[in-house]
Amino acid sequence: MPVKSFREALNEAMRDEMRRDPTVIMLGEDIAGGMGAGGEQDAWGGVLGATKGLMPEFGRERVLDTPITESAFIGAAAGAALTGLRPVAQMMFVDFFGVCGDQIMNQMAKFRYMFGGKAKTPCVVRTLYGAGIGAASQHSQCLYPMITHIPGLKVVIPSSPYEAKGLMTQAIRDDDPVIFFEHNTMFDDKEEVPDEPYTIPFGVARTVREGKDVTIVAFGMMVGHAKTAADQMAKDGIECTVLDPRTTSPLDEDAIIASVKKTGRLIVVDEASPRCGMASDISAIVAEHAFEALKAPIKRVMPPHSPVPFASNLEKAYIPSVDGIKAAISAVMGQS
Amino acid sequence: MPVKSFREALNEAMRDEMRRDPTVIMLGEDIAGGMGAGGEQDAWGGVLGATKGLMPEFGRERVLDTPITESAFIGAAAGAALTGLRPVAQMMFVDFFGVCGDQIMNQMAKFRYMFGGKAKTPCVVRTLYGAGIGAASQHSQCLYPMITHIPGLKVVIPSSPYEAKGLMTQAIRDDDPVIFFEHNTMFDDKEEVPDEPYTIPFGVARTVREGKDVTIVAFGMMVGHAKTAADQMAKDGIECTVLDPRTTSPLDEDAIIASVKKTGRLIVVDEASPRCGMASDISAIVAEHAFEALKAPIKRVMPPHSPVPFASNLEKAYIPSVDGIKAAISAVMGQS
Amino acid sequence: MKIDKPELLEGYRIMRTIRDFEERVHKEFMTGQIPGFVHLYAGEEASASAICQQLGDQDTVSSTHRGHGHAIAKGCDVKGMMKEIFGRGEGLCGGKGGSMHIADLDVGMLGANGIVGAGSPIACGAALSAKTLKTGGLSVTFIGDGAFNQGTTSESMNLARVYDLPVLFVLEDNGYAESTSSSWSIGGHNPVRRAEGFGIEGTRVDGHDYFAVYRAAEEAIKAIRSGTGPRFIHIEFTRYYGHFEGDASSYKPLDEVKDERRYLDALKFFRARTTGGKMLKTEDLDAIDKEVEALIDASVVEARAAPVPDLSTLTTDVYLSY
Amino acid sequence: MKIDKPELLEGYRIMRTIRDFEERVHKEFMTGQIPGFVHLYAGEEASASAICQQLGDQDTVSSTHRGHGHAIAKGCDVKGMMKEIFGRGEGLCGGKGGSMHIADLDVGMLGANGIVGAGSPIACGAALSAKTLKTGGLSVTFIGDGAFNQGTTSESMNLARVYDLPVLFVLEDNGYAESTSSSWSIGGHNPVRRAEGFGIEGTRVDGHDYFAVYRAAEEAIKAIRSGTGPRFIHIEFTRYYGHFEGDASSYKPLDEVKDERRYLDALKFFRARTTGGKMLKTEDLDAIDKEVEALIDASVVEARAAPVPDLSTLTTDVYLSY
Ligand SMILES: Cc1ncc(C[n+]2csc(CCOP(=O)(O)OP(=O)(O)O)c2C)c(N)n1
Ligand SMILES: Cc1ncc(C[n+]2csc(CCOP(=O)(O)OP(=O)(O)O)c2C)c(N)n1
Ligand SMILES: [Mg+2]
Ligand SMILES: [Mg+2]
């Protein structure tokens, strides 16, 4: 199977869906690039290059560079989805939720419910998230817990190129609004990715690794860290299951609960800010529904309650690490 | 002691602080009312009347009605706080976070950190929240979990008139940005409230009721429900502690953990949407730090994962109820 | 071009329906049967009517919190609306939306909206659909004078301009946002000039004059359909009731409100103008009045009698699939 | 009024400092020592310099992601800035902010800002402080051509107008927002007219001409200080480097970039104009060049040698008290 980067996998999914379905359009800042300029067109292809090539193939009518007005164009995506298109809009960084959140949380999320089931809002909001590129407090947040909090939105966090392609294809075909998280540091990650289109269903966790002692649940960028930590601990004879829920909404509670019922121990690794995050969410579900199976306190591996710092050493200390996960594994094993 | 409404308690706190400190100003839509109009001035005093009387006393220079531009005037509050004022801005309903969130989550919350400790941002954002007034999906949300998620913000949720006055006074005197939640249905609640100013410190939970069997943690509007449920269960011989953390950020983890260590059982009652909410947050803290003390699964009493519906019967079914809390108490007792 | 007779009668019927609907909701609200915030459109009828009657099935409307008039004019079922406002299961939105969220995509009504300023981006999106799918349709977005200052409105004017989207921006200036005067809140005091600052041509009309609104909309719609992009209309009129039910409008000066129903009434003007000459017969209009009265009566009787939503619907329609 | 000699020398010194600072950051970035996104202000010096040198301690500036120039011109310590950009503990923000968040409240620099359009509301707030506390101060908000369309900018223009706030809105139009041309993105293509749509008087100037910027700012600042509320200046110029370090600017047509440093250079123009007649001596300017060169050199040497932040600072300064 051909090896592809996260960027290529995303690009392929979007390209294939645009070929398949003429109602799929793209909206975002510099997703082609060079709009109105006299030089190279498609000069950017999105800030990390994932939409490169789409404008030359599908034209500016279907790949729309936008002015910097997130409320207007994300809202336009919502309105277009109500009226026959399947827009894929890019909110460049999820940190920009603050300038266009209403169209996401109060409009596209709620149309269907408020309108008594009459509306269908098939749109995707792609967005970058996560620390590790030295971009500091306003370009490094995760914020998927805030989005997961809102009923009516689906939330996808792919953890690898293969996952990215299948989940993006599903997101575009899905009839509900989907917020699709792409980690700032993962665009050059590579793995085998089939050429043909495929979908990965929402709400079905992936078992990355199986082990009898501890269940580790992790998202996106953190799935790799969790696997590395688990592999290293296996050398000490501790066997961990690593689960990647893929989507936080819907969440595959059953898979998590079933696993904890087997292992009796849970660690949740979450790159998002610690308060009211996904680590807490999953911990609470397990403390409610698999309590009897628990042999140890539930550990959450999370960054501190602070904005993301700029300096490289601080940023590194901020991000949950393989060592941090290993320490948590030791802790839950020591206390069993 | 005189009996006062929630509205009066808030009004008194703001009035007294404005009298005490000339740098305190108010900003918001129709917080006086009649701006530019030829008729009655101070005609509104805020949408639920809490700022009535302030403009006549302090003038339009310190009580500023605003155009409907939340980003501009909440951002102006942030900028004014950086430069010598202590603004109290009203984001009328917290549902409007989506139109001005950036100035709250990326600006006022992060100035101090991003600027290496040089900034001080003493401002208060007052906001209405909560279901029960038939205002449907876009005027009934709680959203304090989303705000609590953001490092740099303090989050206050008063549960009664006495609490409202003391916490508001503290909020205005506090040197960090504070988001202050006022429940849509509580403005006519009454209790004894001293005439003189007093502060209630942030991060110190209030013990509403003591009991040895179950710890119930609840916020704002839900504190009353929890107390009612606990009182009723006491007739069956089940004794509950009810804790009101008052602020979700900072959160009095110690008080919660200490209580669970005594009772061995925890219920969290949260009116906010269930995913990544305060109920999950507190449950996770206890599952991590008081695990050994737990005798039963942690129960969360929350609304369903849906927008807030309009019809009265649906809305009533949506809001966590006294009966729901009682059922949770029975459940954790039955399973001990 | 002359407005022909059926068109005039249709315009009158819509205006009358809106007026009676709102007068009746006002009464019913006082009986305590209607929950939530209710914002009435009475006094503003000419805008929704004269504009929406020139729209077709392929055209869409995004509305405001004061949306009953737009919904009626765009063809929403009046009985379904009344049931919705009463919170009934057979309401247009199953009782889940209420007054502030009335919508019916089947007739191109993209929703009233509880968030001030949220409608314009949505209208841009619908216009983008029309343009991309080449339906020939256009979008109208109604904007209050308060909403006009909201950043979403400015952004949408800009977006519609740079994409040449078929959007008609209609500023419904009733003089107030809640209790705040639009003569104060709109910096520069000249909305048409502001629209021009976004490259959008605009015009100002008296919103009590059905004919003036009709003409302005006709011209704008024609231009938009010819593919030259967005247009703007600033309509000035009076809202008869408070901001929402319960508001006494004390901030309005007495001389402003004293005779407003006498001197600032689009329906009266319409009658006088059309029946003064030979355009329409009084009997025709009287007949419409009767029919509308019966319709509104029936809608309230049915709404009162209709069952509340089944509790099982509390959690349906959050998603299409989950 | 003539600009006097010390003022001219000061203006030149600021421009030169910005230019050298940016040229040097460009070089250092390529060595891989500087993390994150870095947006350089080279080519745009006249704006920050000619405007900020007319401000005093009581005046404030809110900036953009391209903020180095504004920070230098408003008086931020250059060495502290360089250390900040290198992520050092002794940096102006303790290494926690970096290039996009440089701020120093002590000199009225309210922060570069990573969120496009976020600066103007903050400037309105600072202006409100000045007005309320009667400091006599004013606020300048720098806005990119991309940011100009953002709703926050429109809202702020409106707010400043209705409150008559002492705010100077400065549109820094370098022709591009990332790769998107401002000749496309600004609907109506006439920013001054848009400002007028908010009731704000404005003017357009060539941003390569220090004197033109100075004069426009002088007039605007005088008007603002007289209490007549906000003003607007549209400055057009060229950014020499890519949008951020790493961007090759391939979307710019070749004939546009070919000779831009030769023909569109505020520093060269300044030298030619001031030394051609009898205003300034070449030696004076050369001396400044030398001093600035030494300063920038030293700032890099010190930044490289400076320690990274102590890990304990990761969680400090989130709150003042918690
Ligand atoms: C974003 C937002 N801000 C504030 C409100 C509260 N609010 C509801 S209607 C209204 C006034 C709107 O005035 P205008 O746009 O003139 O419309 P009108 O009510 O006059 O029809 C306000 C402030 C809201 N619903 N949404
Ligand atoms: C709200 C928001 N949207 C998008 C971005 C990404 N972004 C950063 S700079 C930029 C271009 C800004 O262009 P302009 O305002 O012209 O300033 P310039 O870079 O030309 O100085 C964009 C789109 C952002 N940082 N914030
Ligand atoms: Mg109005
Ligand atoms: Mg630019």
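Residue numbers (this note's numbering), protein chains in the order written: chain A, 83 to 418; chain B, 83 to 418; chain C, 44 to 365; chain D, 44 to 365.
All residues carry an ideal CB built from backbone N, CA and C; glycine is no exception.
Host beta strand (DSSP E) of residue i (start-end)
| i | result |
| --- | --- |
| Val299 (chain B) | 296-300 |
| Cys322 (chain A) | 322-326 |
Check: residue i C-beta below 6 Å from any heavy atom of ligand 3
| i | result |
| --- | --- |
| Gly162 (chain C) | no |
| Tyr219 (chain C) | yes |
Residue i beta carbon near ligand 1 (any heavy atom closer than 6 Å)
| i | result |
| --- | --- |
| Arg305 (chain D) | no |
| Val159 (chain C) | yes |
| Met174 (chain B) | yes |
| His277 (chain C) | no |
| His111 (chain C) | no |
Chain A within 7 Å of residue i, Cβ atoms only
| i | result |
| --- | --- |
| Asp120 (chain C) | no |
| Ser105 (chain D) | no |
| Met143 (chain D) | yes |
| Asn188 (chain B) | yes |
| Arg89 (chain B) | no |
Residue-level contact to chain D via CB, residue i, 7 Å cutoff
| i | result |
| --- | --- |
| Glu198 (chain C) | yes |
| Met435 (chain A) | Chain A is shown only over 83 to 418; residue 435 (chain A) falls outside these bounds and no answer can be derived. |
| Phe197 (chain A) | no |
| Thr151 (chain B) | yes |
| Gly120 (chain B) | no |
Cβ-heavy atom distance, residue i to ligand 2, below 6 Å
| i | result |
| --- | --- |
| Ala166 (chain D) | no |
| Asp329 (chain C) | no |
| Ala190 (chain D) | yes |
Element boundaries [alpha helix (DSSP H), containing residue i]
| i | result |
| --- | --- |
| Leu171 (chain D) | 162-176 |
| Arg268 (chain C) | 253-268 |
| Lys65 (chain A) | Residue 65 (chain A) lies beyond the range of chain A shown here (83 to 418); nothing can be said about it. |
| Asp63 (chain C) | 48-73 |
| Ser228 (chain D) | 225-228 |
| Val181 (chain A) | 179-184 |
| Val414 (chain B) | 404-416 |
| Gly112 (chain C) | 111-117 |
| Arg291 (chain A) | Looking at the DSSP string, Arg291 (chain A) is not in any alpha helix (DSSP H); the run it does join, the beta strand (DSSP E), is 288-291. |
| Val235 (chain C) | 234-240 |
| Phe313 (chain C) | 309-319 |
| Met117 (chain A) | Run containing Met117 (chain A): none; DSSP gives neither H nor E here. |
| Leu297 (chain D) | 297-300 |
Short CB-CB distance (under 7 Å) between residue i and chain B
| i | result |
| --- | --- |
| Tyr365 (chain D) | yes |
Residue i Cβ short of 6 Å to ligand 4 heavy atom set
| i | result |
| --- | --- |
| Gly214 (chain A) | no |
| Asp112 (chain A) | no |
| Gly118 (chain A) | no |
Beta carbon proximity, residue i to chain C, threshold 7 Å
| i | result |
| --- | --- |
| Gly369 (chain D) | The first residue shown for chain D is 44 and the last is 365, placing residue 369 (chain D) beyond what the model contains. |
| Lys309 (chain A) | no |
| Asn156 (chain D) | no |
| Phe241 (chain D) | yes |
| Thr251 (chain A) | no |
Return the chain-ordered ranges of every alpha helix (DSSP H) run that is complete within the region 347-405 of chain B and spans a minimum of 4 residues. 360-371, 394-400
Which runs of the beta strand (DSSP E) at least 3 residues long sit entirely within the region 123-206 of chain A? Give them in chain order. 145-147, 168-175
What beta strand (DSSP E) runs, 3 residues minimum, are completely inside the region 257-285 of chain A? 260-265, 272-274
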